[in-house]
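Worksheet: the structure to be examined is printed underneath.
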Amino acid sequence: MTTDAAPDVSRVASAGGAVPASRALSPSRAGDFMQCPLLYRFRVVDRLAEAPSVAAVRGTVVHAVLERIFDLPAAARTLEAAVELVLPQWERLRTEEPALAALFGDDEQAVDSWLSGARDLLARWFELEDPTRIEPADRELYVEATIDVETPEGALVLRGYVDRLDVTDDGRMRVVDYKTSRAPREVYEAKALFQMKFYALVLWRRRGVVPALLQLVYLGSGEILRYAPDEADLLATERKLRALWTAIERAARTGDWRPSPGRLCDWCDHKALCPAFGGTPPPLPEGGPELVVAPSASALGTPGLDEE
Ligand code: SF4
């Protein structure tokens, strides 16, 4: 994914129906709540700042290159061409978000080694896929759909960005997502596939066709995880999202945002504020519950910067 600005979600959602754009959930924020309700609160309600990590920003650059490589004619989509895009994409990102320059200070050697890591990830992608033989139907595709939920307002917008959508001549869809991390161990694959089933559900609801294949491309370890969903999978995902949203609204109403400590706490920017580690969360901001059901762009996550 990229750091391109999110679309005007109010406009996009209202164009799709009568649901206010604010009651929306992305795979990233759904994943936050499933991981830890307090983390969701810190991100969506308190909107606490988080320092971009070197790995996440490299993921953003790599995603930008993987999007733009398809602007070139098929025969020109070589590893060399992709590598040539790395520096301009980093410079573009740094210009758009000057705070990112502080990641490295004046250490040019650190920047070189970081960029070289991005090139290694691209080299691995070329071992996994051949872009001269792929013509994506869409890249960085914004998708959204509305589902019913058992709350007073009765509807929830699901939305997010699909890294790449391939569509065959006979209409079969392949949903592709790039990860710059390593592939998860088998026991964690279902969690990784949740995001893809979320997108598949949205595409099914919008287009009336279940995507034929979900494909997670792990550039960190050079592996591809593929899954062919069916309607039962997507209905189960929809039920799960309904239950999740009901739980989010309940937490908002009661103010009970429980920490759920786990192996990812070491990467949590808010550990110092977390009661599970002796911290004290800030008081809930004025209108906290409304911020949950009206989370605006925070519900979408930051394209690219959620990626590793
Ligand atoms: S440190 Fe762990 S338990 Fe605490 S808010 Fe972060 S993710 Fe949740």
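The sequence shown begins at -19 in this note's numbering and counts up by one. Where is the CB? At the ideal position from N, CA and C, for every residue including glycine.
Own chain partners of residue i with C-beta closer than 6 Å, once the 5 adjacent residues on each side are dropped
{"i": "Leu19", "result": "Asp12"}
{"i": "Ala252", "result": "Gly259"}
{"i": "Ala54", "result": "Thr112"}
{"i": "Gly(-4)", "result": "Reliability fails at Gly(-4), whose pLDDT of 33 lies under 50, so the model's placement of it is uncertain and no value is given."}
{"i": "Thr217", "result": "Lys177, Leu181"}
{"i": "Arg69", "result": "Inspection of the sequence shows that residue 69 is occupied by Gln rather than by Arg. These residues qualify, in order along the chain: Val41, Ala44, Val45."}
Other residues of its chain near residue i: CB distance less than 7 Å, five sequence neighbours each side excluded
{"i": "Asp26", "result": "Pro262, Pro265"}
{"i": "Leu214", "result": "Lys177, Ala180, Leu181, Trp184, Val190"}
{"i": "Ala279", "result": "Caution is warranted here: a pLDDT of 44 is assigned to Ala279, below 50, making its placement in the model unreliable, and the coordinate value is therefore given only provisionally. Cβ within range, chain order: Ala4, Leu5, Ser6, Arg9, Val24."}
{"i": "Ala256", "result": "Pro239, Pro241"}
{"i": "Asp249", "result": "Glu30, Ala31"}
{"i": "Val123", "result": "Arg139, Gly140, Val142, Tyr179, Val182, Leu183, Arg186"}
{"i": "Val147", "result": "Ala117, Met153"}
{"i": "Leu59", "result": "Leu102, Ala103, Phe106"}
{"i": "Leu28", "result": "Phe22, His250"}
{"i": "Leu108", "result": "Val197, Gly202, Ile204"}
{"i": "Glu88", "result": "none"}
Reference residue i; option with closest CA among the options
{"i": "Val142", "options": "Ala135, Asp118, Val129", "result": "Asp118"}
{"i": "Phe84", "options": "Leu101, Pro32, Lys220", "result": "Pro32"}
{"i": "Glu56", "options": "Arg219, Ile228, Asp110, Gly259", "result": "For the sequence presented, residue 56 should be read as Ala rather than Glu. Measuring from the Cα of Ala56, the nearest candidate turns out to be Asp110."}
{"i": "Val189", "options": "Ala256, Glu211, Leu196", "result": "Glu211"}
{"i": "Gly39", "options": "Thr112, Tyr158, Arg233", "result": "Tyr158"}
{"i": "Gln175", "options": "Leu205, Ala82, Asp128", "result": "Leu205"}
{"i": "Val34", "options": "Ala44, Ala98, Leu199, Ala232", "result": "Ala98"}
{"i": "Pro209", "options": "Gly267, Leu193, Leu224", "result": "Leu193"}
{"i": "Pro239", "options": "Arg21, Ala29, Ala135, Leu199", "result": "Arg21"}
{"i": "Tyr168", "options": "Glu229, Gln15, Gly202, Ala4", "result": "Gln15"}
{"i": "Pro17", "options": "Arg230, Ala163, Arg104", "result": "Arg230"}
{"i": "Arg219", "options": "Asp128, Glu64, Asp100, Pro53", "result": "Asp128"}
{"i": "Arg139", "options": "Ala125, Val45, Ser201", "result": "Ala125"}
{"i": "Arg74", "options": "Asp236, Arg152, Val37", "result": "Val37"}
{"i": "Leu145", "options": "Leu199, Arg104, Glu115", "result": "Glu115"}
{"i": "Trp105", "options": "Trp247, Glu203, Ala172", "result": "Glu203"}
{"i": "Lys171", "options": "Arg154, Leu199, Tyr207, Ser201", "result": "Tyr207"}
{"i": "Val41", "options": "Val91, Glu107, Glu30", "result": "Val91"}
{"i": "Leu199", "options": "Gly235, Thr217, Thr160", "result": "Thr160"}
{"i": "Arg165", "options": "Arg154, Ser201, Glu107, Thr131", "result": "Ser201"}
{"i": "Glu130", "options": "Thr234, Glu120, Ile228", "result": "Ile228"}
{"i": "Thr234", "options": "Asp149, Gly267, Asp246, Arg243", "result": "Gly267"}
{"i": "Val197", "options": "Cys254, Trp70, Leu101, Gln89", "result": "Leu101"}
{"i": "Asp51", "options": "Arg222, Trp237, Glu120, Cys245", "result": "Glu120"}
{"i": "Phe221", "options": "Ala163, Leu244, Asp150, Ala135", "result": "The question names Phe, but residue 221 in the sequence shown is Leu. That would be Ala135, whose Cα lies nearest to the Cα of Leu221."}
{"i": "Trp237", "options": "Cys254, Leu244, Arg243", "result": "Cys254"}
{"i": "Glu47", "options": "Ala82, Val156, Gly151, Pro78", "result": "Val156"}
Residue i beta carbon near the ligand SF4 (any heavy atom closer than 7 Å)
{"i": "Ala256", "result": "yes"}
{"i": "His305", "result": "A query on residue 305 cannot be resolved here, the shown segment of the chain reaching from -19 to 288 and no further."}
{"i": "Pro239", "result": "yes"}
{"i": "Leu244", "result": "yes"}
{"i": "Phe13", "result": "no"}
{"i": "Lys171", "result": "no"}
{"i": "Phe22", "result": "yes"}
{"i": "Lys251", "result": "yes"}
{"i": "Leu108", "result": "no"}
{"i": "Leu264", "result": "no"}
{"i": "Leu19", "result": "yes"}
Enclosing alpha helix (DSSP H) for residue i [first to last residue]
{"i": "Gly97", "result": "88 to 108"}
{"i": "Lys220", "result": "211 to 234"}
{"i": "Val37", "result": "34 to 48"}
{"i": "Asp128", "result": "Careful: Asp128 lies outside any alpha helix (DSSP H), inside the beta strand (DSSP E) at 118 to 128."}
{"i": "Trp70", "result": "59 to 76"}
{"i": "Asp12", "result": "7 to 15"}
Residue span of the beta strand (DSSP E) that contains residue i, given as start and end
{"i": "Lys159", "result": "153 to 159"}
{"i": "Glu203", "result": "203 to 207"}
Cutoff 8 Å; reference residue i; Cβ partners in own chain excluding five residues on either side
{"i": "Ile49", "result": "Arg57, Ala61, Ala62, Leu65, Pro111"}
{"i": "Asp86", "result": "none"}
{"i": "Leu67", "result": "Leu95"}
{"i": "Leu224", "result": "Leu5, Ala10, Phe13, Met14"}
{"i": "Leu173", "result": "Leu194, Leu196, Leu205, Tyr207"}
{"i": "Leu80", "result": "Pro32, Val37, Leu73, Arg74"}
Fully enclosed by the region 139 to 193, which beta strand (DSSP E) runs are 3 residues long or longer? 153 to 159
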